Amino acid sequence: LSFFYDRLLYCVPKLRLIGQKYSVRARIDVNGMEVRLPGLRDFPAVPRTFLVSGKQRSLELQARQHNPSLSLQALQAAVQRHEQTPDSFRPLSCSLRDDETTCVELGKRAPTPIREKEVTLCMKCQEPFNSITKRRHHCKACGHVVCGKCSEFRARLSYDNNRTNRVCVDCYIMLVGVLPGALSGSNQRRRSILEKQASLAAENSVICSFLHIMEKGVGRGWQKAWLVIPENEPLVLYVYGAPQDVKAQRSVPLIGFEVSFPEPCDRLDRRHTFKICQSHLTLYFSAEGEELQRRWMDALSRAGKGEEPLIHQPIAESLEEEGEEPVAEPNGEDF
1 LSFFYDRLLY
11 CVPKLRLIGQ
21 KYSVRARIDV
31 NGMEVRLPGL
41 RDFPAVPRTF
51 LVSGKQRSLE
61 LQARQHNPSL
71 SLQALQAAVQ
81 RHEQTPDSFR
91 PLSCSLRDDE
101 TTCVELGKRA
111 PTPIREKEVT
121 LCMKCQEPFN
131 SITKRRHHCK
141 ACGHVVCGKC
151 SEFRARLSYD
161 NNRTNRVCVD
171 CYIMLVGVLP
181 GALSGSNQRR
191 RSILEKQASL
201 AAENSVICSF
211 LHIMEKGVGR
221 GWQKAWLVIP
231 ENEPLVLYVY
241 GAPQDVKAQR
251 SVPLIGFEVS
261 FPEPCDRLDR
271 RHTFKICQSH
281 LTLYFSAEGE
291 ELQRRWMDAL
301 SRAGKGEEPL
311 IHQPIAESLE
321 EEGEEPVAEP
331 NGEDF
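Mind the numbering: the sequence shown is residues 1 to 335 in UniProt numbering, read in order.
This is the structure we're talking about:
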């Protein structure tokens with residue numbers, strides 16, 4: 001990253017040895033730029049990351065050092081120096097992920113896109129993705145991950161020099177002001193009880209994290225899932241395919257379930273396992289560690305007995321990803 005007087009350059013090393021040393025991937029004007037750590041809506045965050053969002057582009061960057069606050073503070077200090085120049089910078093009063101249209105300048109600034117692997121269902125029609133007939137696409141206005149059918153619309157976006165971009169149906173209606181003909185005569189779909197967005201449920205939850213889950217007698221084997229017990233529904237367990245899904249795969253009312261460690265006859269091949277049983281339904285779970293196992297067993301046991309829950313802090317599982325390392329550029333402030 002190279003910070004100049006009025007813009008931030010995101011550069012990457014070039015593979016060739018002759019010529020320019022770095023190539024510029026993105027230019028972000030300081031005017032209107034926001035720098036922040038990932039919030040609860042961005043949960044679970046990749047370790048050592050911070051967000052830089054501007055009118056032209058939004059980036060999620062991974063710091064080289066273990067403390068991303070150092071890079072964040074350096075950028076914020078540079079922005080504050082620029083802010084002191086008259087008519088140069090106005091701080092944002094809200095987060096880009098705020099749902100109110102008064103806060104989000106739809107089409108006027110680049111959205112912070114949701115990582116594709118955190119979504120298994122289209123965030124509009126809620127149909128599951130697959131690599132052949134239901135591929136993932138990003139709405140260039142709001143950043144949501146949607147399918148091709150829900151993003152077959154085009155609208156001009158100010159932040160991209162008024163060029164036409166792929167947008168979802170909701171953003172098309174807001175930007176163009178016209179309801180697409182294919183939807184004008186359709187009836188409003190009835191809302192399902194499973195339509196509780198995972199990120200919103202996790203934001204106010206008794207406990208939430210990734211676990212491996214397996215149902216006895218089904219034969220599907222272990223499946224990695226994002227599990228949430230919402231704070232406003234402390235007696236219900238919601239199972240999601242990914243942390244940003246808008247619809248749960250299933251919900252399990254927990255009243256009457258008994259929580260215990262597996263028996264030798266269960267023959268489980270994973271560590272840190274436990275199970276819940278009621279009547280003819282038995283669900284096995286596998287956690288990443290003993291502490292996570294203990295917290296889940298405590299929360300499920302209280303819910304099974306109908307007791308008041310203990311509110312836990314959200315548990316963020318480290319998602320191992322390779323981040324771009326900061327690069328240097330002459331004649332600017334480097335981070």
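Glycine included, C-beta positions come from ideal geometry on N, C-alpha and C. None of the values given here were measured: they were computed from a predicted structure.
How many angstroms separate the CA atom of residue 61 from the CA atom of residue 299? 34 Å
Express the C-alpha separation of residue 109 and residue 339 in angstroms, rounding to a whole number. This structure leaves residue 339 out entirely; the chain is present only between 1 and 335.
Does the Cβ-Cβ distance between residue 7 and residue 27 come in under 8 Å? yes
Pairing CB atoms from the stretch 214 to 225 with CB atoms from the stretch 278 to 292, are three or more of them under 8 Å? yes
So, are the CB atoms of residue 125 and residue 147 less than 8 Å apart? yes
Under a Cβ-count criterion, where at least 16 other Cβ atoms within 10 Å of its own Cβ denotes burial, should residue 161 be classed as buried or exposed? exposed
Alpha carbons only, please: which of 30, 130, 274 and 206 is nearest the one belonging to residue 294? 274
To the nearest angstrom, how far is the alpha carbon of residue 11 from that of residue 205? 39 Å
Pull up the DSSP beta-bridge partners for residue 142, would you. Its beta-bridge partners do not exist; DSSP assigns none.
Three-state secondary structure (DSSP) of residue 131: coil
Using C-beta distances below 7 Å, list every residue in its chain close to residue 15, excluding the 5 sequence neighbours before and after it, in chain order. none
Alpha helix (DSSP H) containing residue 263: first to last residue? Taken as a continuous stretch (DSSP letters only), residue 263 belongs to no alpha helix (DSSP H), as it is neither H nor E.
Can you check which of these residues, 118, 247, 225 and 276, is closest to residue 260 by C-alpha distance? 276
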